[in-house]
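Visitor: Mind looking over this structure? Questions follow.
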Amino acid sequence: MTMILKVDAVEPNVSILQRAAKVIKEGGVVAFPTETVYGLGADCFNVVGVLKIFKVKNRPPDNPLIVHICELQQLYELVEQDTKIAEKVIEKFWPGPVTLIFKKSAKVPKEVTGGLETIAVRMPSHPVARLLIKLSGTPIAAPSANLSGRPSPTKAEHVVEDLYGLIDVIIDAGETPLGLESSIIDFSKDRPILLRPGPATIEELKQVIPDLEVPEFLLMLEKQPSRPLSPGMTYRHYSPNKPLILVYNEEQLDEVFAKYPNSVIICPEEYSHKFKNRRILVLGRLSEPFTIAQNLYNVLRSVDNLPVSAAIVLAMEPKGILFSVMNRLKKAASEVVE
Ligand code: AMP
Ligand code: MG
C-alpha cells in the first residue's frame, strides 16, 4: 500500500511530514518533492532502505545516489575530505540545485555510492524536502522517483504512474519549480569538473569556480563520453517509451515526417506557427527558457499517452539553462538527425 500525503509546498504541515519521517526512520522509502524533481528517499545509513530504492526503481546497483542534507554539519559526517575548496560554491548555491562530490567517509554504506569511494551531496531548498530531512534526523539518499530510464517526475502524478504500490509514501506538494535535476560537480579530483549540467548554468558556476572543467563530451553532439566519468552516464535516460527523434537540421524535417507520419512535434511556443497542420506539444517559451526546463519531463511523459507512434523534438541553441535541457534531450533521444 502506498500512502499519499498532500502538503503545502511553502508551509508544509509538520505533523503530516512527521508520518513520512517515521517511515524513513524505520527503513521505508518515501517520494518527496525537491526544487529540482521528485526524489525517492531512504535513510542513507540504513542499508535495507537504500536497497529498496534500487529494487523498486529497477536501478543498476552501480548507479550511485545523491545524499540530501538540511544543514552543513551533516556534510562533515558524510565526507572525509577538506571541503574548503568548495566553500564558495556552497555559500552561493546551497540550499539549491547543485550537487557536490567529495571523498566519502567510512560511515556511508557502499550501497549508497554504488561501490565508489566518493559521495554526491546536496542541500535542497524546497521547504518540504528540508523539513522531511530535519524530522527524519538523518541525511536522505534519494535518486529521482521514477522507474529507471523514464523521465524524472516533476509532479506527484508522475511518481504515481511509475511507483504506486511499490513504495511506502508519496508526498504531494504539486509541481517542482525547476523541473530539471541538479548540476553535479566533482570536487574529489585535482580539478573541479562538471559531471552533469543542471539548473545552475555553467556561466553562474564559473563565477565561483573559475577553474571548473567542462568535459568535452558535454559540449559535443555525442550521447556519451568514450569512457564514462560517472556510472549514471552509461544508461539511456529520461526517455518516453516511444521513439524520440532529435532534429538539429530543420531542412531534414520533411524526411523525418515522411519516416514517422503519425508523430507529434515537440517545440517551443515561438516555433509552433511553423507546424499549423501537425500535432504539437509546446515545451515552453524560448523567451523564458526556465519554462522549457520546467515542462520538459511532463511533455516527454505525455508522448506515451498520445495516439502517436513517435515524437520529434527540435534542437534548441544550447545557451544557459537550455544547455542542460539539450543534455537531457540528447540522452533521451533514440535517434539524432544532424
Ligand atoms: P539521480 O538522482 O537519479 O539524478 O541520480 C544521481 C546521479 O548522480 C547518478 O546517476 C550519477 O550520475 C551521479 N552521482 C552520484 N554519486 C556520484 C559519485 N559518487 N560520483 C559520480 N557521479 C555520481
Ligand atoms: Mg534519475
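Going by this note's numbering, the first residue of the sequence shown is number 80, and it counts up by one from there.
No residue lacks a Cβ here, since even glycine has one placed at the ideal position from N, Cα and C.
For clarity, every value in this text was computed on a predicted model and none was experimentally measured.
Let me know if residue 386 comes out buried or exposed under the rule of 16 or more other beta-carbons within 10 Å of its beta-carbon.
Guide: Under this definition residue 386 is an exposed residue.
Visitor: What residues in its chain sit with their C-beta under 7 Å from that of residue 192, if we drop five residues either side in the sequence?
Guide: 143, 183 and 198.
Visitor: Between residue 318 and residue 240, what straight-line distance do the alpha-carbon atoms span, to the nearest angstrom?
Guide: Rounded to the nearest angstrom, the two C-alpha atoms are 15 Å apart.
Visitor: Can residue 238 and residue 224 be called in contact, C-beta distance under 9 Å?
Guide: Yes. Within cutoff.
Visitor: What residues in its chain sit with their C-beta under 6 Å from that of residue 397, if we drop five residues either side in the sequence?
Guide: These residues qualify, in order along the chain: 405.
Visitor: Do residue 210 and residue 119 have their C-beta atoms closer together than 9 Å?
Guide: Against a cut-off of 9 Å, the Cβ pair of residue 119 and residue 210 comes out as no contact.
Visitor: Which whole-angstrom value describes the C-beta separation of residue 227 and residue 137, a residue pair presumed to lie in contact below a C-beta threshold of 8 Å?
Guide: So it is a contact: roughly 5 Å between Cβ atoms.
Visitor: Taking the beta carbon of residue 89 as the centre, do at least 16 other beta carbons fall within 10 Å, making it buried, or is it exposed?
Guide: Exposed: under 16 other Cβ atoms inside 10 Å.
Visitor: Between the beta-carbon of residue 259 and the beta-carbon of residue 277, is there less than 9 Å?
Guide: Yes.
Visitor: Would you kindly work out how many angstroms separate the C-alpha atoms of residue 249 and residue 287, rounded to a whole number?
Guide: Looking at the two C-alpha atoms, the distance is approximately 36 Å.
Visitor: Exposed or buried, residue 114, counting other C-beta atoms within 10 Å across all chains shown (16 or more means buried)?
Guide: Per the 10 Å Cβ criterion, buried.
Visitor: Taking just the CA atoms, how far does residue 415 sit from residue 334?
Guide: Near 13 Å, if we compare the C-alpha coordinates of residue 415 and residue 334.
Visitor: Tell me residue 364's beta-bridge partners as DSSP assigns them.
Guide: 367, per the DSSP bridge assignment.
Visitor: Have a look at residue 284 and residue 342 and give me their C-alpha separation to the nearest angstrom.
Guide: Looking at the two C-alpha atoms, the distance is approximately 38 Å.
Visitor: May I have the straight-line CA-CA distance separating residue 291 from residue 273, to the nearest angstrom?
Guide: Between residue 291 and residue 273, the C-alpha separation is close to 7 Å.
Visitor: If we count the other Cβ atoms within 10 Å of its Cβ and call it buried at 16 or more, is residue 352 buried or exposed?
Guide: Exposed, because fewer than 16 other Cβ atoms sit within 10 Å of the Cβ of residue 352.
Visitor: Here's a check: name, in chain order, each residue in its chain whose Cβ is nearer than 6 Å to the Cβ of residue 322, leaving out the five neighbours to either side.
Guide: Result list for residue 322: 389 and 413, in chain order.
Visitor: So residue 186 is in the alpha helix (DSSP H); what residue range does that whole segment cover?
Guide: Segment: none, residue 186 is in no alpha helix (DSSP H) and carries neither H nor E.
Visitor: Measure the C-alpha to C-alpha separation of residue 165 and residue 181 and round it to an integer number of angstroms.
Guide: Roughly 10 Å separates the two Cα atoms.
Visitor: Are the C-beta atoms of residue 258 and some chain C residue less than 9 Å apart?
Guide: The structure shown contains no chain C; it holds only a single protein chain.
Visitor: Just to confirm my understanding: we take residue 395, look at its own chain, exclude 5 residues before and 5 after, and list those with CB closer than 6 Å. What are they?
Guide: 401, listed in sequence order.
Visitor: Three or more C-beta pairs closer than 8 Å, one from the stretch 120-128 and one from the stretch 91-111: is that the case here?
Guide: Segments in contact, yes.
Visitor: Taking the C-alpha atoms as reference points, what is the distance between residue 159 and residue 367?
Guide: The alpha-carbon atoms of residue 159 and residue 367 are separated by roughly 41 Å.
Visitor: For the alpha helix (DSSP H) that contains residue 402, what are its first and last residues?
Guide: Unbroken alpha helix (DSSP H) run through residue 402: 400-411.
Visitor: Report the partner residues of residue 85 according to the DSSP bridge assignment.
Guide: 251, per the DSSP bridge assignment.
Visitor: From which residue to which residue does the beta strand (DSSP E) around residue 391 run?
Guide: That run of the beta strand (DSSP E) goes 389-393.
Visitor: Determine which residues share a DSSP beta bridge with residue 161 and list them.
Guide: According to DSSP, residue 161 bridges with nothing at all.
Visitor: Note down the Cα distance separating residue 246 from residue 175, rounded to an integer number of angstroms.
Guide: Cα-Cα distance, rounded: 26 Å.
Visitor: Express the C-alpha separation of residue 356 and residue 221 in angstroms, rounding to a whole number.
Guide: When rounded, the distance between both Cα atoms is 43 Å.
Visitor: Take residue 219 as the anchor and find which of 132, 271, 268 and 256 has the nearest alpha-carbon.
Guide: Of 132, 271, 268 and 256, the residue nearest in Cα terms is 132.
Visitor: Helix, strand or coil for residue 333, going by three-state DSSP, please let me know.
Guide: If DSSP states are grouped into helix, strand and coil, residue 333 belongs with the helices.
Visitor: Rounding to the nearest angstrom, what Cα-Cα distance links residue 203 and residue 331 in this structure?
Guide: Answer to the nearest angstrom: the Cα atoms are 42 Å apart.
Visitor: Span of the alpha helix (DSSP H) holding residue 206?
Guide: It spans 206-215 - the alpha helix (DSSP H) in which residue 206 sits, taken as one unbroken run.
Visitor: Suppose you measure from the CA of residue 393 to the CA of residue 189; what does that come to, to the nearest Å?
Guide: Using only the alpha carbons, I get a separation of about 40 Å.
Visitor: Inspect the beta-carbon positions of residue 362 and residue 345 and report whether they are closer than 9 Å.
Guide: Against a cut-off of 9 Å, the Cβ pair of residue 345 and residue 362 comes out as a contact.
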